[in-house]
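In full-length UniProt numbering, the protein residues as written are 1 to 401. All C-beta atoms, glycine included, are put in the ideal place defined by N, C-alpha and C.
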Amino acid sequence: MKKEDDTPVDVYSSHLNILRMMGLWRYSGKDSLKRRLYLTYTCSVVMCTMIILCLAMARLYIARNDVEEVSFNLSTNVLTGGIIVKCFFMVYSSKTVEKLFRWLHEDSLQNSDPEEVEAYENFKKSFVMLKKTVYFLSGLSLMVWLCFSFVTIIWEPRKLPFSLWAPVNLESDTNFYVLLISEVVVGLYVAVLSANTELTMFSIFFQTISQYRVLGLRFVQIKNFHDSIKNGKSNFRRDEEVNSKIKFLLEKCVRKHWTLQEYVRQIENVFNKPMVVQFGCIVVIIVMSGMALSVSNTKITMKWYCQIIYSMIIISDVFTVCYLATLLLEQEDRVFNAVCDLPWYEMNYDIRKRLITIMIGLQKKQVLTICKILKIDLTIFTWFVKVVTSWLTLLRQMIRS
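So, in structure tokens, the structure goes:
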């Protein structure tokens, strides 16, 4: 057994160490001196973050009469602030997150059947591809963030990617490049933070889905065992051995199903608030982009393109979460169908009793929700996009009229 503070380092949890190095994850060591130093480091990171956001809000207030400037700055602030707030919510639940990683890793070590191992490895390969995609999108968002400033170096007036209030003259080359380099460092930090925060959410989803897949394969295995009794020659001793094995597998399936239900409840508790922040960021960024276009008199600027890319990146992120939640529901349905395909009426009383217990449990589907109101799946994602688009159209008509 692993120690309580040990989190296994594998493909799914390796990014936790990156968050720890960035000062935004729980220190899991026992050394009290290192713990104090790490706490000091974390406090300094949080303080610097708050100062940067306050300077950004000050700049937003100064430029309040320029709708285009306000739209771009507010979108950037919301995107950056949303990433930081999501990370803070997850750090608050870091003990639960690490427990989920440890439990899911221990469950994966119990996969003994070749089909179960193969299914788990296939999900791991898919996660590696998703991981590369997330890092690519984070790098793309960083380049978009910086592109505006690099272009304004050639065409005046000069602008910084993250508009902060600073009592310096940006026309001075020294002041401008010092602030630009500082913001490049901040942007890189935010991009890495965003990628690894999202991967924490995605990795737990992937592991839970893979365990549901393994559970479905075990019911298929039970069906094969029963078919071997039905189709083979009658042999009392062999039939008793197979029935005993079926009972043993069913007991494991019942325990695993209860465990997976608890995992889903824990996932909902941990990721509920981050998902609320995510949907809120989508609304603000899309509305700000629409407002910038509405008042621009059909003149599309580079800032507007940046905001559209912001919107596409955050929408693709929410789409991934909704897709994984839908995939989780599909795997639950597959498990239920696998149980229903079993010829339970042909089995003995003890096996039928266990199967009925599982059927009753599977009828109560574990769904992920936002504040117990909206179910997270692709249906709610499409509905949300339609509602935002409708309000955006109404806003455009009101501004133009």
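Where I360 is concerned, the enclosing alpha helix (DSSP H) starts and stops at 349-363. Exclusion of the five residues before and after S228 leaves V242 as the residues of its chain whose Cβ lies within less than 8 angstroms of its Cβ. Sequence-distant Cβ neighbours of C87 in its own chain, meaning closer than 8 angstroms and more than five residues away, are L19, L24, L193, T197. When secondary structure is reduced to three states using DSSP, L368 falls in the coil class, being assigned neither helix nor strand.
Within the model, the alpha-carbon separation for E262 versus L368 is close to 12 angstroms.
Of all alpha-carbon atoms in C281, K273, W304, D107, the one lying nearest the alpha-carbon of C371 is that of K273. Under the criterion of beta carbons closer than 8 angstroms, V144 and C306 qualify as touching, at roughly 6 angstroms.
Distance from G187 to L137 at the Cβ level is roughly 14 angstroms; contact not present, criterion being Cβ atoms closer than 8 angstroms. Taking 8 angstroms as the cut-off, the beta carbon of K247 is found closer than this to the beta carbon of D350. Under DSSP, K375 shares a beta bridge with T369. Residue range 32-62 is occupied by the alpha helix (DSSP H) that includes A56.
I204 is the residue among I204, A338, Y27 whose C-alpha sits nearest the C-alpha of W103. Across the structure, L394 and K99 are spaced so that their CA atoms are roughly 46 angstroms apart.
Linking D113 to Q221 through their CA atoms gives a straight-line distance of about 9 angstroms. A distance of 8 angstroms or more separates the beta carbons of L324 and K365. Shown here, D333 sits in a helix according to DSSP, grouped into three states. If you draw a straight line from the Cα of L109 to the Cα of F336, it is about 24 angstroms long.
Boundaries of the alpha helix (DSSP H) around L74: 67-92.
Taking C-alpha positions only, F279 is separated from C322 by approximately 11 angstroms. Counting of Cβ neighbours within 10 angstroms places K34 among the exposed residues, the total staying below 16. Taking 8 angstroms as the upper bound for CB-CB distance, H15 and L199 are in contact here, some 5 angstroms apart. Taking all protein chains shown into account, M201 has 16 or more neighbouring C-beta atoms within 10 Å of its C-beta and is therefore buried.
The shortest CA-to-CA distance from D317 to any of Q211, L55, N111, Y135 is the one to Y135. Closest in C-alpha terms to Y310, from the list F206, T42, I62, N73, comes N73.
In the three-state reduction of the DSSP assignment, G280 falls in the helix class. Non-local C-beta neighbours of R64 in its own chain, meaning closer than 7 angstroms and more than five positions away in sequence, comprise V70, ordered along the chain.
Scanning the stretch 95-166 from its first residue to its last, the whole alpha helix (DSSP H) runs of 4-plus residues come out as 114-154. Remark: C-beta atoms of A119 and R213 approach each other more closely than 8 angstroms.
Note that the C-beta distance between N77 and L55 is not below 8 angstroms. Counting the other CB atoms within 10 Å of its CB gives V270 a total of 16 or more, which places it among the buried residues. Closest in alpha carbon position to E240, among E251, H226, I313, is H226. A direct Cα-to-Cα measurement between D377 and M50 gives close to 33 angstroms.
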